[in-house]
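> Just dropping this structure here.
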Amino acid sequence: MKFAFFPGCVSRGACPELYTSTVKISKILGIELDEKALESASCTGAGVLQEKNQLLGDTLNARNIALAEKQNLPILTICSTCQGVMSQAEYRLENEEYRAQINETLAEEGLEYTGKTPTRHILWIIVEEIGEKKFKSLVKRQLDGLRLAPFYGCYLVRPSKALKFYEKPERETCLEDLTEWVGATVVDFPGKTACCGFPIVTINEKAS
101 MKFAFFPGCV SRGACPELYT STVKISKILG IELDEKALES ASCTGAGVLQ
151 EKNQLLGDTL NARNIALAEK QNLPILTICS TCQGVMSQAE YRLENEEYRA
201 QINETLAEEG LEYTGKTPTR HILWIIVEEI GEKKFKSLVK RQLDGLRLAP
251 FYGCYLVRPS KALKFYEKPE RETCLEDLTE WVGATVVDFP GKTACCGFPI
301 VTINEKAS
């Protein structure tokens, strides 16, 4: 399986362990990451830009996806915010008139967004493509006795229509599934799908 790798901004800055671990486990899982396909990609806007200028934010995401489409590769993401923002853009771009408006801008760079190139978080790819049986066969050390409380945040669970939960219901429980597949015990808690406050940290740090 080969993907255009979209690591996002945070995995190269605040969370370098996310990038490093992704590269390592991808080799074990048989996932090929093409880092050059999106080397000129921009930030998704993280939902913050979209609050100010949705058209600009969606244009940036359409451009990123169009870059992968030019290489005939689906996109693999590792950042929940990136995935959520890109999925929301894809959902709005299903509108033909809106898509045509954005493609006018992309045409200046020789790009076109058609909606045929999927963007998928690595969690979804593991659950949907690799599956429980193969994944378990690759586990080198079971995490027996370890209790883990999966945290999704908000971008990987809302809005469900944009994230295609109606087509892929397993996406709603992917973290719980993977936790069990490595032998750990899932601990449920009310805040697992709550916002972490990131979108407002620069506006109201105390509330965040």
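Residue numbers (the working numbering): 101 to 308.
Backbone N, C-alpha and C define an ideal beta-carbon position, used for all residues, glycine too.
As the structure is a computational prediction, the values presented were derived from the model and not from experiment.
Rounding to the nearest angstrom, what Cα-Cα distance links residue 289 and residue 209 in this structure?
Cα to Cα, residue 289 sits roughly 47 Å from residue 209.
> Provide the residue span of the beta strand (DSSP E) that contains residue 176, from first to last.
175–177
> Give the single residue among 161, 178, 266, 194 whose Cα lies nearest to the Cα of residue 103.
Cα-wise, what sits closest to residue 103 is 178.
> To the nearest angstrom, report how far apart residue 204 and residue 232 are at their CA atoms.
43 Å
> Taking the alpha carbon of residue 132 as the reference point, which residue from 105, 154, 139, 111 has its own alpha carbon closest?
105
> So for residue 138, helix, strand or coil by DSSP?
coil
> Between which two residues does the beta strand (DSSP E) harbouring residue 102 extend?
102–106
> Go ahead and pull the three-state DSSP assignment for residue 267.
coil
> What are the start and end residues of the alpha helix (DSSP H) that includes residue 192?
180–192
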